[in-house]
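Numbering-wise (the numbering used here), the sequence shown opens with residue 101 and increments by one.
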Amino acid sequence: MVFGVNKLLGALFIAVVTLSLTPNVWSGITSADQPTSLACSAIPYMFDGEYPKDWPLTLEWLRENTAEDDIICSWWDYGYWIEAMARRTTLADGATQSENQIKNIANIMMRPQNESIQLLKQYDADYIVVFHTFNPNNPTSEWNLGDEGKWPQMALIGGFNLTDFIDYSQSSPQLTDRFASSTIARLMYHAADPKYFTQAYASPNGYVLVYKIHYPDEGQ
């Protein structure tokens, strides 16, 4: 389901409030029954008797539908999957030692699109991938297993204050307009500016989204 950013601030602030309180959903699954993180798309819930295959199918799509020299931007958690399974170069993975590189990716995610595109241009990135998890029966109920649960970490790594994106002055914390205009929010909630990003692929449950990056002509 597609969400407008105008619904973002009202419907999703609970994810921020409960992020630190979210129980470890993996603990309820016995080790004998638990698949690898990639095999279940990092989602420990079964749909119709099967774990979702959103990540494996996304990696297959990247391998078969992008050029061998294409560069993929994603949060570093997924970099190794993309490099190993899709065989594409990423900006970072779990072995990346450069704190500055991770900080740059965090800024790509947390800045507005017109600023993020300039950072992406420095790497000549071709695609950007985001991971957004939610209850398929109630898509406004997020699971905090993907970037919707990781963006506060991105903000801090990027050198921002969480108060830039969360208004704590209300009776309950509210996401700010600055968060709604961030690149990560625009990509997760299907509100990207087509001048910069167009959706190239959505996984079967809509958890993994791949966007083609477009760079404005010089002088624009």
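Ideal placement from N, C-alpha and C gives every residue a C-beta, glycine not left out.
Residues bridged to residue i (per DSSP)
i: Ala-302; result: Leu-309
i: Gln-274; result: Asp-267
i: Ser-282; result: Pro-212
i: Cys-173; result: Ile-228
i: Glu-168; result: None; Glu-168 has no bridge partner.
i: Glu-150; result: Phe-147
Other residues of its chain near residue i: CB distance less than 6 Å, five sequence neighbours each side excluded
i: Tyr-301; result: Trp-161, Val-310
i: Ile-129; result: Its pLDDT being 35, under 50, Ile-129 is placed unreliably in this model, and the value from its coordinates should be taken loosely. These residues qualify, in order along the chain: Pro-144.
i: Trp-251; result: Ile-284
i: Phe-279; result: Phe-265, Ala-285
i: Leu-121; result: Residue confidence for Leu-121 is low, a pLDDT of 37 falling below 50, so the modelled location carries little weight; the figure read from the coordinates is stated next. Cβ neighbours of Leu-121 beyond the five flanking positions: none.
i: Gly-306; result: none
Proximity of residue i and residue j at Cβ, strictly below 8 Å
i: Gln-328; j: Asp-277; result: What is shown of the chain runs 101 to 320, which leaves residue 328 out entirely.
i: Ile-257; j: Ser-174; result: no
i: Ala-192; j: Trp-176; result: yes
i: Thr-190; j: Glu-199; result: no
i: Met-254; j: Ala-206; result: yes
i: Asp-170; j: Arg-187; result: no
Other residues of its chain near residue i: CB distance less than 7 Å, five sequence neighbours each side excluded
i: Met-288; result: Val-230, His-232, Asp-247, Glu-248
i: Ser-60; result: Beyond the ends of the chain as shown, which are 101 and 320, falls residue 60; an answer cannot be given.
i: Ser-241; result: Phe-234, Asn-235
i: Tyr-315; result: Ile-217, Lys-221
i: Asn-124; result: Reliability fails at Asn-124, whose pLDDT of 40 lies under 50, so the model's placement of it is uncertain and no value is given.
Nearest neighbour of residue i, chosen from the options [CA to CA]
i: Thr-196; options: Ala-186, Glu-164, Gly-179, Lys-153; result: Gly-179
i: Pro-152; options: Asp-224, Thr-190, Cys-140; result: Cys-140
i: Trp-243; options: Glu-150, Ala-142, Leu-138; result: Ala-142
i: Tyr-223; options: Ser-281, Asn-238, Ile-202, Asn-237; result: Ile-202
i: Met-210; options: Asn-238, Ser-281, Gln-299, Leu-138; result: Ser-281
i: Phe-260; options: Leu-245, Asn-204, Gly-306; result: Asn-204
i: Phe-147; options: Arg-163, Asn-237, Asn-165, Leu-159; result: Asn-237
i: Glu-164; options: Met-185, Gln-270, Leu-138; result: Met-185
i: Leu-159; options: Tyr-315, Gly-149, Leu-138; result: Leu-138
i: Leu-245; options: Glu-150, Val-308, Thr-263, Asp-317; result: Val-308
Close Cβ partners of residue i (< 8 Å) along its chain, the five nearest in sequence each way excluded
i: Ala-167; result: Asp-226
i: Pro-304; result: Pro-152, Lys-153, Asp-154, Leu-157
i: Ile-313; result: Cys-173, Ile-217, Leu-220, Ala-225, Asp-226, Tyr-227, Ile-228, Tyr-296, Phe-297
i: Ser-131; result: Model confidence at Ser-131 stands at a pLDDT of 35, short of 50, so the residue's coordinates are unreliable and nothing is read from them.
Check: residue i C-beta below 7 Å from any heavy atom of the ligand SAH
i: Thr-166; result: Of ligands this structure carries none, so the ligand SAH is not represented either.
What ranges does the beta strand (DSSP E) occupy inside the region 181–266, keeping only unbroken runs of at least 3 residues that lie completely in it? 227–231, 238–242
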